[in-house]
Each structure stands twice: as C-alpha cells, then as structure tokens.
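The block underneath contains the structure these notes are about, expressed in structure tokens.
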Amino acid sequence: MTDKDNSADVTPYYQLNPDRVMDAVESLGFCCDGRVMALNSYENRVFQVGIEQAQPLIAKFYRPGRWSDAQILEEHQFALELAALGVNAIPPLLCPAEGAGKDQSLHYFEGYRFALFSRKGGHAPELDNEEHLYELGRFLGRMHSIGEVKPFMHRPELNVADYARHGQQEVLKSGLLESYQSRYQALTDELLTECDHRLKQVSAPLIRVQGDCHSGNMLWRDGELMLLDFDDCRMAPAMQDIWMLLSGDRAQQQQWLSEVVEGYEEYREFPRRELALIEPLRTLRMIYYSGWLAQRRKDPAFMTAFSHFGGESWWLEHLNALEQQKILLRQPSITLASYM
459 MTDKDNSADV TPYYQLNPDR VMDAVESLGF CCDGRVMALN SYENRVFQVG IEQAQPLIAK
519 FYRPGRWSDA QILEEHQFAL ELAALGVNAI PPLLCPAEGA GKDQSLHYFE GYRFALFSRK
579 GGHAPELDNE EHLYELGRFL GRMHSIGEVK PFMHRPELNV ADYARHGQQE VLKSGLLESY
639 QSRYQALTDE LLTECDHRLK QVSAPLIRVQ GDCHSGNMLW RDGELMLLDF DDCRMAPAMQ
699 DIWMLLSGDR AQQQQWLSEV VEGYEEYREF PRRELALIEP LRTLRMIYYS GWLAQRRKDP
759 AFMTAFSHFG GESWWLEHLN ALEQQKILLR QPSITLASYM
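Here this note's numbering is used: the first residue of the sequence shown is 459, the next is one more, and so on.
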C-alpha cells in the first residue's frame, strides 16, 4: 500500500502466468530456459527466471496503480546511485528498450510494468554478532550520507497524515472491526496525535531512506552486507532505517546501538536526537500495516498468507499492542549515554 493507493483491482495478477512472465523477460532479448519460480512477495510479484547458459534473473512485476512511473524510476535511480558509489544495494538491470535512446530499468509488457535484477545469494545478517553490527552501521551510515545529498521529487514523505492516518482510514472503512470500531478510532486518534507532536518536536531532517529496513531485506555474504528491495523508499528521518532492526529489552537495544553507531559514524554523525522517534515510528508502522492488510485482504495471495487477519482475536491482539505503544510513548527515550 502506498500512502494514497490508487490500485482498485483486488486481483491484478490473475493473468500473470509463467508463460507471460517468460514472454516479458524474452521481450528484452533474453532466452528463458523454462524455469520460473515464484518468490515470496505479496505487494508485487517476484519471480526467479531461468536463463539459458547464464545465471537466473529476478523479475519484479509492480502492482498496477500502486506507484507512478516517476516514483518507480526514482526507486531505481536511488539504488543505481548507491551501487555506483560502492554501497551494496541491488539495483535493477539496465536493458535496451524498443524506441528508447538509452538502456532502461523500467519495462512494459501487456499492461504490466516490470524490472529485472541480478540474483544474489547469502543469508540474513546475525544481529547479535559484533562484526555484523559494525558492518551494518557502516552500511547505513554510508547509505544515509548519500541519501541526504538530494531529495526525492516524486516518492512520498513519511508523515502522520499520508502514512499512518491513511492506514487508519482503510481499517475504519473496511467493516472488519465490528464492535471494536469506536475503541480503535479513539485509540488510534490519540496515538496519531501524539506521534505527530513527537515528529514536530524532534524536527528531524528528512532524507532518502530505504524505508523498510529489516533483516529480511538484507543478505550477508563473504563479510559484506547487501540490501534488497527499495520498493518502500521515501523521504523520512534516518531513524526509519534503524529502529526496525532493534530487538530485546532496553539494555540489549542500547548495547546493539553502541555497536552500530561505531560503524555508522565512519560516514555520518549518528542522529542521536532521533532516538526519541523510535516508538513514534513503530506506532505509525503498526497502524499503517493494519491498513495495508485491510486494503489487500481480498487479493488471493493475501487471503492465503494472512488467513488469520481480520478475526476478533487478531483485532484484540492489535488493540492490545497499540495500548502498549501508548505506554511506551510516555516513557523516556532510549539513550546511548551508558555506552558512548
């Protein structure tokens, strides 16, 4: 879900069968060997496609109506810029396109928009390993030092109104809450007001960030970190790429941060003031995420993968988690004073 999603079709991929996937890839001059494997992706559709006498490629088909061409191209340009400057982002391949004066990253086939990527192997980084944490800090610091050089012109900004408020409204209009409707609205209104106050209070500079920076979007290989999937990149505080990697109790989070900060500050001053945004950003994402699920609930892929969503027990758990966020928002922000 984008901040203001225009995709009305709940089954936009029903015609995207293996033959059509291979036809799209072959339209760019590749010769497929008949092997197509769907990869885990719910918002877009992503496939590993076998190529004759070459390594397989990754084909990503964008959800119709989700992003504009200009927004997708900014995603591509950011990943390409990072890769060109030595950051291990995985950028789209530039391929010849009919009628284009230069190679392109975004391609069109029978109503679908898609991009190709090199296949990369590796495993998730170990977030309790000091070496991995130091390298993670270096990676994020370098990425953010590049991300702050110029803004996105078309990608969205992380703010309460367009990000989480939109998610709240998707839930409220879904009809799924039933007897919890009033409680949900009152609680989320209170949380969003507090989060908006915190964002304005900290007044963090907005930079280009990956936006969905968790270990599932990272690969570790041969002592280096690689970052996948810039589909949610946007203008946001740098902390948006940091808080999702935190886990454990407060002391564990402080120790984790101390390792990351050491690597981060090789390239950029760590945004200590933005530590006050960890719980507000977490709260905004929780509300956004429930709205995303509500909007996509009729997509067959979502119905299978998130079959638990929308029942009474799901909403009770979600409401309890939001109540816990209200408590956490009242507590003092985490600091680095004990370790730095």
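Idealized CB from N, CA, C, for every residue including glycine.
- When the five nearest sequence neighbours on each side are left out, the beta carbons in the same chain lying within less than 7 Å of the beta carbon of residue 588 are those of 717, in order along the chain.
- Here the region 667-676 makes contact with the region 684-697; the two share three or more CB pairs at distances below 8 Å.
- Taking residue 578 as the centre and dropping the five residues before and after it, the same chain places the C-beta of 548, 677, 679, 684, 686 closer than 8 Å to its C-beta, in chain order.
- In the DSSP annotation of this structure, the continuous segment of the alpha helix (DSSP H) that includes residue 788 starts and ends at 770-788.
- The beta carbon of residue 776 lies closer than 7 Å to those of 748 in the same chain, with the five residues before and after it left out.
- In the three-state scheme derived from DSSP, where H, G and I count as helix and E and B as strand, residue 516 is classed as strand.
- The Cβ atoms of residue 472 and residue 758 sit closer than 9 Å to each other.
- A Cβ-Cβ contact shorter than 9 Å links residue 478 with residue 568.
- For residue 606, the CB contacts under 6 Å within the same chain, skipping 5 residues up- and downstream, are 665 in chain order.
- If you draw a straight line from the Cα of residue 483 to the Cα of residue 552, it is about 13 Å long.
- Contact between residue 642 and residue 649 fails: their C-beta atoms lie close to 11 Å from each other, not under 8 Å.
- Excluding five sequence positions before and after residue 470, the CB atoms of its chain that fall closer than 7 Å to its own CB belong to 521, 522, given in chain order.
- Shown here for residue 701: same chain residues with a beta carbon closer than 7 Å to its own, the five before and five after excluded, namely 736, 739, 740 in chain order.
- By the neighbour-count criterion, in which 16 or more other beta carbons inside 10 Å mark a residue as buried, residue 486 falls on the buried side.
- Contact between residue 516 and residue 574 holds: CB atoms are separated by about 7 Å, below the 8 Å threshold.
- If you draw a straight line from the Cα of residue 728 to the Cα of residue 475, it is about 46 Å long.
- In this structure, residue 616 lies near residue 693, with their beta-carbon atoms less than 9 Å apart.
- Residue 792 carries a coil assignment under DSSP once its states are collapsed to helix, strand and coil.
- Residue state for residue 509 is assigned as strand, using DSSP reduced to three classes.
- Counting other Cβ atoms within 10 Å of its Cβ, residue 611 stays below 16 and is therefore classed as exposed.
- Less than 9 Å separates the beta-carbon of residue 726 from that of residue 599.
- Cβ atoms of residue 518 and residue 502 come within 8 Å of each other, at about 6 Å.
- The DSSP-derived three-state label of residue 738 is helix.
- Taking residue 608 as the centre and dropping the five residues before and after it, the same chain places the C-beta of 666 closer than 8 Å to its C-beta, in chain order.
- Here residue 699 is not near residue 590, since their CB atoms are 9 Å or more apart.
- If you draw a straight line from the Cα of residue 715 to the Cα of residue 660, it comes to about 19 Å.
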